[in-house]
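Here's the structure, in structure tokens; my notes come after.
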Amino acid sequence: MRAKNARDGACLRWLATFILVFLLAVTTAGAQVPAGVPEDVGLSAERLERIGEMIQRAIDAKQISGAVTVVARRGRVAHFEARGLMNIEANAPMRKDAIFPIASMTKPVTAVAILILVEEGKVRLSDPVSRFIPEFKDTKVAMPRSDAAGEEGDIYTVPAKREVTVHDLITHTSGLGSRGAAREATARIAPRDPTGTVADWAAALGAAPLGFHPGTRWAYSALAGIDTLGRIVEVASGLTFDEFLRLRVFEPLGMKDTAFDVAEDKKQRVVTLYIRTPDGLELRQKLPEWLATTTLHGGAGGLWSTAEDYLQFAQMLVNGGELNGTRLLGSRTVELMASNHVGDLYEKAGRVGGGPGKGFGLTVDVVLDGVAARGDHRSTGSFGWGGAFGTRYWVDPQEDLTAVLMVQTPGGPLRVDFQNAVMQAIVD
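According to numbering that gives the first Met the number 0, the sequence shown is numbered sequentially starting from 0.
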């Protein structure tokens, strides 16, 4: 009998150990932000319903076809909802695990990749880009040449006052591929070949004229500047950019549906893109080349993701660089990412800048003064960014809150309305 009891006890101990190991494996491999009760994290369940009501109004007005929204506070998901359609023609309901093209929401992921390498001592923000891409050694600045009537004509170039740095690229103060006198010359000298690689394009960009002397202005570099950062990650790490993100960011955070190329068995979850017109929503006929490419994986855009996946990334940031025991960055490095690096350049950038109360960090906009940033509806210290197809996320360290909006139609007031609907649900 004693032998049987010993065997039974050993079996129970083995079973308990197996269960513990299994639970730990699920926690570390999945790294998902757990669900919570809104009132337990200082949010009103009743007021959170206004997020869905706001989304439904936009659907009814034919501004969007559908959306996925998720809000987490104090490390718990308090709201996660899918509304509308992911495909109008097929009458396919939006699903929580729908896969969206996140466009420029790729950029903050690239910043984290760069900062991982900064922490490892392989990259410095002050490094000249030519350390990694020699073609950037002797960059030129485009100067507009006006004709007799005062109209802007051709350009001439002058040597840049200093080399372009990693910091210039990551803060959009490089002048590379930005709007202005150099834009047409850049497109001619360094066309972005979607059948090539980011190594090819970054090397070609070294010969492109800058729109201004590095560090003197803020001007959004939609593709060139942050794509070049992707190449720097490759050179510094020895991995292709997509492999670095998979191994160092996505897998550690449990971002199982985030990648540059959607796997065949996941394509049924990809949303259909629409364009807003005076007559309603129209199907976008084809993907832009920078998204359709299967070879040029740069840092500026091109990732596909889900609301839940991107929440893991945002939650890591609000946690100071860590998620469920997996640390990607030190807390001071996250603070550096979320600090204003450009003085008043972003505020003064006009229509394409941030306006009053806003600054710019490392690929993210930063709320410097929540009151001065009229109509933004985010707390002082909040930071985040959006994508060309209407997506948006932000991180609010003051409120220990993250929020993600996934949508497949750009434009309109939806982002600001979403921010308002989230913030009004805070009741503690």
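Even glycine gets a Cβ: it sits at the ideal position worked out from N, Cα and C.
Cross-strand partners of residue i (DSSP beta bridge)
i, result
"Gly385", "Arg391"
"Asp323", "For the record, residue 323 in the displayed sequence is Asn; it is not Asp. DSSP lists no partner for Asn323."
"Val234", "BP columns for Val234 are empty, so no partner."
"Val406", "Ala66"
"Asn86", "Ala91"
"Asp137", "For Asp137, which the question treats as bridged, DSSP gives no partner whatsoever."
"Ala81", "Val67"
"Ser304", "Phe99"
"Met422", "According to DSSP, which records beta bridges pairwise, Met422 is partnered with nothing at all."
"Ala34", "Val76"
Cβ-based burial, residue i [other Cβ within 10 Å; buried from 16]
i, result
"Ala159", "buried"
"Gln55", "exposed"
"Pro396", "buried"
"Glu45", "exposed"
"Lys106", "buried"
"Leu361", "buried"
"Met422", "buried"
"Gly298", "buried"
"Thr276", "exposed"
"Ser330", "exposed"
"Ala71", "buried"
"Lys357", "buried"
"Phe21", "Any answer about Phe21 is weak, because its pLDDT of 40 lies below 50 and its placement is not dependable; what the coordinates show is given next. Phe21 should be labelled exposed."
"Val128", "buried"
"Thr294", "exposed"
"Ile33", "Checking the sequence, you will find Pro at residue 33 rather than Ile. Exposed, since its Cβ has fewer than 16 Cβ neighbours within 10 Å."
"Pro412", "exposed"
"Val36", "exposed"
"Ala148", "Interpretation of Ala148 is limited by its pLDDT of 44, a score under 50 that renders its predicted location unreliable; no figure is taken from the coordinates."
"Gly431", "What the structure shows of the chain is the stretch from 0 to 427, and residue 431 is not part of that stretch, so it cannot be assessed."
"Pro92", "exposed"
"Thr27", "Because the pLDDT at Thr27 is just 36, under 50, the model does not fix this residue reliably, and the point stays unresolved."
"Leu23", "Residue placement at Leu23 cannot be trusted, given a pLDDT of 35 that sits under 50; what the coordinates show is reported in the next sentence. The residue is exposed, with fewer than 16 neighbouring Cβ atoms inside 10 Å."
"Glu233", "buried"
"Thr408", "buried"
Opening and closing residue of the alpha helix (DSSP H) in which residue i lies
i, result
"Thr447", "Limits of the chain in this structure are 0 at one end and 427 at the other, which puts residue 447 out of reach."
"Arg56", "Ala44 to Asp59"
"Val165", "Val165 to Ile169"
"Lys357", "It is not in any alpha helix (DSSP H) - Lys357 instead sits in the beta strand (DSSP E) that spans Lys357 to Phe359."
"Asp436", "This structure cannot settle anything about residue 436, because the visible part of the chain is limited to 0 through 427."
"Lys347", "No alpha helix (DSSP H) contains Lys347, which DSSP labels as neither H nor E."
"Ser125", "That residue, Ser125, is in no alpha helix (DSSP H); it is neither H nor E in DSSP."
"Val333", "Ser330 to Met336"
"Ile132", "Unbroken run through Ile132: none, as it is neither H nor E."
"Leu114", "Thr105 to Glu118"
Contact check, residue i vs residue j, beta carbons under 8 Å
i, j, result
"Ala181", "Ile154", "yes"
"Gly253", "Gln31", "yes"
"Arg377", "Arg414", "no"
"His296", "Phe388", "no"
"Ala307", "Val69", "This sequence places Glu at residue 307; Ala is not what is there. Cβ distance < 8 Å, so Glu307 and Val69 count as in contact."
"Glu134", "Ala206", "yes"
"Thr109", "Leu344", "no"
"Ala184", "Pro208", "yes"
"Leu328", "Leu114", "yes"
"Arg94", "Gly51", "no"
"Ala223", "Leu175", "yes"
"Leu282", "Pro100", "no"
"Ala424", "Leu47", "yes"
"Arg161", "Gly210", "no"
"Arg326", "Pro355", "no"
"Thr401", "Leu310", "yes"
"Ser103", "Gly349", "no"
"Leu42", "Val426", "yes"
"Leu316", "Val394", "yes"
"Arg268", "Ala97", "yes"
"Phe131", "Ile231", "yes"
"Val366", "Tyr219", "no"
Run of the beta strand (DSSP E) containing residue i, from where it starts to where it stops
i, result
"Thr68", "Gly65 to Arg72"
"Thr276", "Tyr273 to Thr276"
"Val365", "Asp364 to Val366"
Any non-hydrogen atom of the ligand MN closer than 7 Å to residue i Cβ
i, result
"Arg391", "For the ligand MN, the structure offers nothing, since it holds no ligand at all."
Subject >> Length at least 3, wholly inside the segment 237-287: the beta strand (DSSP E) runs in chain order >> reply: Look at the segment 237-287 and you find these whole runs of beta strand (DSSP E), each 3 residues long or longer: 273-276 and 279-282.
Original post:
Can you give, in chain order, each stretch of the alpha helix (DSSP H) that sits fully within the segment 192-232 and has at least 4 residues?
Top reply: The segment 192-232 contains these whole alpha helix (DSSP H) runs: 197-204.
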